[in-house]
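J.: Here it is, the structure in full.
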Amino acid sequence: MTQAEKERRFQEKIDKEIKIEPNDWMPDEYRQTLVRQISQHAHSEIVGMLPEGNWITRAPNLRRKAVLLAKVQDEAGHGLYLYSAVETLGTSREQTIDDLHSGKAKYSSIFNYPALTWADIGAIGWLVDGAAIMNQVALCRTSYGPYARAMVKICKEESFHQRQGYESLMKLCSGTPQQKAMAQDAMNRFWWPALMMFGPSDAASTHSDQSIKWKIKRFTNDELRQSFVDATVEQAQILGLTIPDPNLKWNEERGHYDFSEINWDEFWQVVKGNGPCNKERLAARVKAKEEGMWVREAATAFAKKRAMKQSA
Amino acid sequence: MSTNEWPLWEVFIRSKQGLNHKHVGSLRAPDATLALENARDVYTRRSEGISIWVVESAHIHATDIDEADAFFEPSDTKIYRHPTFYEVPDGVKHM
């Protein structure tokens, strides 16, 4: 079979909504796009544990602490499902993680913003996980089987993440004026970075067209961003929080909310490594790998010892 | 040393008594004991299972996807294996 014939058959499968599985033939570029996207997604789950992990010991009560622990543990699990999915494409896990640590691979720019107050943890759950869910629900139908299956599991678990964040903000918003102000401050700082999570605008997105054709992505960045804004406005009203955008208003003709242009300079600065916490986040990951090495070595040594005893 | 030395394990979970174990994903672990414990933490945080199997991925043998058409051909061509192949009169019951 010629290359062109293989590619034609591949696209036919995609068009017929037949999922692509690990051992199926696929164009190199499809494989590379998936490795890039899934590993970026996995890294985001893992790096995403850092801003929240910092608040586990500072949670205001035991209930919030238990919830935050469970949430952070879920993020670790989600990272692992996704690392497994990357591995099915023939890239080693070690390589995938090294690419993060060397700065070659990216993760969601949102995690380069600090979580300064307890209200930020609520805002992260509500807005950041909310934006992530918008993206992930669409990915449950992605064309690559292992990725789609990981997404289904992740979406099932993720919805509590958003709800707990919203509930936590609800509490602050119905508290003292200082607590309400803290919630509004978190909203002010996280709103725009949350909108940036959907990536560059369709006009500036380099990978979008082909990804849509291959059904890796089902919706464009701008479509998902719009759905998120439309879904979130009312949620903010119920909290009594103001979305920090003077141009946000309902557009009857479009049937969507209009909103201001995103500060793309800031977006690209953060993507390129110059956000408030880029260096800190990467350093934390590298340190975790290096300082956790002895645990992995001990586990390997113990496994060997046990195997020897069993065979003796 | 790196985790490269840890084998890959496929994880199968029985969600409840009476159902078969179903493949849910994979993970890396140094041995079967830790693979089972990791599988519990990664794949059953919400009571998804009552029993877990882990199998080293290297031990799984699979059909060749490129040969699938020929390999499964014998079952595609025998339509008389299905009940709808046979005609019975309208009045016949319990069949």
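Chains as they are written, first to last, in this note's numbering: chain D, 529 to 840; chain W, 1475 to 1569.
Backbone N, C-alpha and C fix where the C-beta goes; we use that ideal spot for every residue, glycine too.
Keep in mind that this is a model prediction, so the values were computed, not measured.
(1) Nearest-angstrom Cα distance between K708/D and Q601/D?
(2) Going by the beta-carbon positions, is the gap between A829/D and L1508/W smaller than 9 Å?
(3) Looking at the secondary structure, which residues open and close the beta strand (DSSP E) in which H784/D lies?
(4) Out of Y609/D, A613/D, F688/D, Q568/D, state which residue places its alpha-carbon closest to the alpha-carbon of L596/D.
(5) Mind pulling the chain D residues with CB within less than 7 Å of D1564/W?
(6) Quick one: give me the first and last residue of the alpha helix (DSSP H) that V1562/W is part of.
(7) Looking at the unbroken alpha helix (DSSP H) that takes in I1526/W, where does it start and where does it end?
(8) Counting C-beta neighbours from all protein chains within 10 Å, is the total for Q838/D 16 or more, i.e. buried, or is it exposed?
(9) For the segment 566-588 of chain D, enumerate the residues whose C-beta is nearer than 8 Å to any C-beta of chain W, in chain order.
(10) Using a cut-off of 9 Å between C-beta atoms, extract the partners of R1514/W located in chain D.
(11) Quick one: grab the DSSP three-state call for G693/D.
(12) Please state whether DSSP places Y611/D in a helix, a strand or coil.
(13) Taking just the CA atoms, how far does A1536/W sit from K593/D?
(14) Please name the residues in the segment 1496-1509 of chain W whose beta-carbon is closer than 7 Å to at least one beta-carbon of chain D, in chain order.
(15) Expressed to the nearest angstrom, what Euclidean distance is found between the alpha-carbon atoms of R746/D and G658/D?
(16) Do the segment 581-593 of chain D and the segment 1492-1507 of chain W touch if we need at least three Cβ pairs shorter than 8 Å?
(17) Is there a C-beta anywhere in chain D that falls below 9 Å from the one on L1493/W?
(18) Short of 7 Å in beta carbon distance, which residues of its chain neighbour M679/D, apart from the five on each side in sequence? Order them along the chain.
(19) Could you please tell me which residues of the segment 537-554 of chain D, in chain order, have their CB closer than 8 Å to any CB of chain W?
(20) Let's test the definition: count the other Cβ atoms within 10 Å of the Cβ of H1556/W and tell me whether it reaches 16, buried, or not, exposed.
(21) Smallest Cα separation from A633/D: which of T624/D, Y558/D, F639/D?
(22) In terms of residues, what are the limits of the beta strand (DSSP E) holding E1484/W?
(23) What does E1479/W touch in chain D if you count any residue whose Cβ is under 8 Å from its own?
(24) Verify the CB distance criterion: does Y1517/W have a CB-CB separation below 9 Å to chain D?
(25) Run through chain D and tell me which residues come within less than 7 Å of T1539/W, C-beta to C-beta.
(26) Per DSSP, which residues does I548/D bridge with? Please list them.
(27) Taking CB distances under 9 Å as the criterion, tell me whether L608/D reaches chain W.
(28) Compute the distance between the beta-carbons of T610/D and A570/D, then report whether it is under 9 Å.
(29) Can you tell me whether DSSP reads K599/D as helix, strand or coil?
(30) Using the Cα positions of R813/D and T748/D, report the straight-line distance between them to the nearest angstrom.
(31) Could you spell out where the alpha helix (DSSP H) holding N802/D opens and where it closes?
(32) Cβ closer than 7 Å: which chain W residues qualify as neighbours of S612/D?
T.: On the basis of the coordinates in this document:
(1) Rounded to the nearest angstrom, the two C-alpha atoms are 28 Å apart.
(2) Taking 9 Å as the Cβ cut-off, A829/D and L1508/W do not qualify as a contacting pair.
(3) Start and end: 784-786.
(4) Distances from the CA of L596/D to each of Y609/D, A613/D, F688/D, Q568/D were compared; the closest alpha carbon is that of F688/D.
(5) Neighbours of D1564/W on chain D: none; closest Cβ ~37 Å, over 7 Å.
(6) Unbroken run through V1562/W: none, as it is neither H nor E.
(7) It is not in any alpha helix (DSSP H) - I1526/W instead sits in the beta strand (DSSP E) that spans 1525-1530.
(8) Classification of Q838/D: exposed, given that the 10 Å Cβ count is below 16.
(9) Flagged: no residues at all.
(10) Here the premise fails: no neighbours, minimum Cβ distance about 11 Å.
(11) Three-state result, G693/D: helix.
(12) Residue state, collapsed to three classes: helix.
(13) The C-alpha of K593/D lies about 45 Å from the C-alpha of A1536/W.
(14) Contacts with chain D (Cβ-Cβ distance below 7 Å) from the segment 1496-1509 of chain W involve G1499, S1500, L1501, R1502, P1504, D1505, L1508, listed in chain order.
(15) Spanning the alpha carbons of R746/D and G658/D requires a straight line of approximately 18 Å.
(16) With the rule of 3 Cβ pairs closer than 8 Å, the segment 581-593 of chain D does not count as touching the segment 1492-1507 of chain W.
(17) No, L1493/W lies away from the interface with chain D (no Cβ there is under 9 Å from its Cβ).
(18) Excluding sequence neighbours, M679/D sits near Q664, L667, C668, T670.
(19) Close to chain W, meaning a Cβ-Cβ distance shorter than 8 Å, are the following residues of the segment 537-554 of chain D: E549, N551, D552, W553.
(20) Counting Cβ neighbours within 10 Å, H1556/W comes out exposed, since fewer than 16 surround it.
(21) For the set T624/D, Y558/D, F639/D, the Cα lying nearest the Cα of A633/D is the one of T624/D.
(22) Secondary structure note for E1484/W: its beta strand (DSSP E) is the uninterrupted segment 1482-1488.
(23) Per Cβ cutoff of 8 Å: T828.
(24) Chain D has a Cβ within less than 9 Å of the Cβ of Y1517/W.
(25) The identity of residue 1539/W in the sequence shown is Ile, whereas the question assumes Thr. Result: N551, D552.
(26) The partner list for I548/D (beta bridge, DSSP) reads Y672/D.
(27) Cβ-Cβ to chain W under 9 Å: yes for L608/D.
(28) Contrary to the premise, residue 610/D reads as Leu rather than Thr in this sequence. Here L610/D is near A570/D, since their CB atoms are less than 9 Å apart.
(29) In the three-state reduction of the DSSP assignment, K599/D falls in the helix class, which pools H, G and I.
(30) Answer to the nearest angstrom: the Cα atoms are 31 Å apart.
(31) No alpha helix (DSSP H) holds N802/D; DSSP gives it neither H nor E.
(32) Within chain W, the residues placing a beta-carbon under 7 Å from that of S612/D are G1499, S1500, L1501, ordered along the chain.
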